[in-house]
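Working notes for the structure below.
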Amino acid sequence: IGKNIHYEETVESTQKIAHRLASENVPEGTVVIAEEQISGRGRMNRPWHSPKYTGIWMSLILRPNVPLTKAPQLTLLTAVAIVQAIEEVTGLNPEIKWPNDILLNGKKITGILTEMQAEADQIHSIIIGMGLNVNQTKDDFPPELQNIASSLLIEKGDALSRASIIRSIFTHFEKLYLLFLEKGFYPIKLLWEGYAISIGKMLKARTLTGVIEGKALGITDEGVLKIEDASGVIHHVYSADIEL
Ligand code: BTN
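Mapping of the sequence shown onto the UniProt record's numbering: residues 82 to 325, in sequence order.
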């Protein structure tokens, strides 16, 4: 992971470049990193604020030989790798909000966006976009984000080396990815659950088709969230925004 790095100063989105490189068959583990994105993309077609020199904006290309249904597991694996890297470099203890937001003191530090290129039901490439707020001050965030987003600088009180965090993410990711390829998702799921805040709590999941309210029971072996509503019905949630 990260032996082949495409570094750019300013891009529209590192996802876009990674998609192009993936169709050109660059080696697995290739990473696109940019200092700034002018149209960074988040989940559910939202913009992702990516100012210059302060964050880590990168996209990783993977080609696991697994069926399409396993892609969400790699998103959860990525969240574990980033939490471990943040713990290692800063000593802080982030938490994961399903599926893949990383929070410190309840505010979002990191977002992950997984996209795929597939043929039939086989994955050609998975592109995992990671956005980490590292050295932004409060004023660097637009007003509408100031209460919900934060950075490692704000939470730790010190500026941090983005290069050390990137290296640490690669190291942790590679270990977890090899474990995943050898033993499957189960060991990753256990690690993920150890960092998850939503499990066992009451929450609201806003999906494309409606709102499900209830208690989060955990995730399935595929990484799907299970919620039990007031009447005891268990819902399987593949994609949603969660409110605790
Ligand atoms: C989310 O909505 O939480 C996911 C945010 C993902 C942002 C990253 S930054 C690098 C990569 N390039 C993009 O345009 N988006 C992802």
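Built from N, CA and C at the ideal position, the CB exists for glycine as well.
Residue i Cβ short of 8 Å to the ligand BTN heavy atom set
{"i": "G210", "result": "yes"}
{"i": "L241", "result": "no"}
{"i": "T95", "result": "yes"}
{"i": "D221", "result": "no"}
{"i": "R101", "result": "no"}
{"i": "M197", "result": "no"}
{"i": "Q203", "result": "no"}
{"i": "K189", "result": "yes"}
{"i": "G121", "result": "yes"}
{"i": "N181", "result": "yes"}
{"i": "I177", "result": "no"}
{"i": "R127", "result": "yes"}
{"i": "S131", "result": "yes"}
{"i": "Q217", "result": "no"}
{"i": "I82", "result": "no"}
{"i": "S279", "result": "no"}
{"i": "L194", "result": "yes"}
{"i": "S231", "result": "no"}
Coarse secondary structure for residue i, derived from DSSP in three states
{"i": "R122", "result": "strand"}
{"i": "E309", "result": "strand"}
{"i": "T91", "result": "strand"}
{"i": "I98", "result": "helix"}
{"i": "I315", "result": "strand"}
{"i": "I293", "result": "strand"}
{"i": "I278", "result": "coil"}
{"i": "P128", "result": "strand"}
{"i": "I86", "result": "strand"}
{"i": "F266", "result": "coil"}
{"i": "E105", "result": "coil"}
{"i": "L260", "result": "helix"}
{"i": "L173", "result": "coil"}
Cross-strand partners of residue i (DSSP beta bridge)
{"i": "W138", "result": "A115, G212"}
{"i": "D182", "result": "K178"}
{"i": "D322", "result": "R287"}
{"i": "G299", "result": "K307"}
{"i": "P153", "result": "P153 is not bridged to any residue."}
{"i": "L143", "result": "I207"}
{"i": "P148", "result": "Q203"}
Beta strand (DSSP E) segments (min. 3 residues) lying fully within the region 186-252: If we require 3 residues or more, the beta strand (DSSP E) runs fully inside the region 186-252 come out as 188-200, 203-214.
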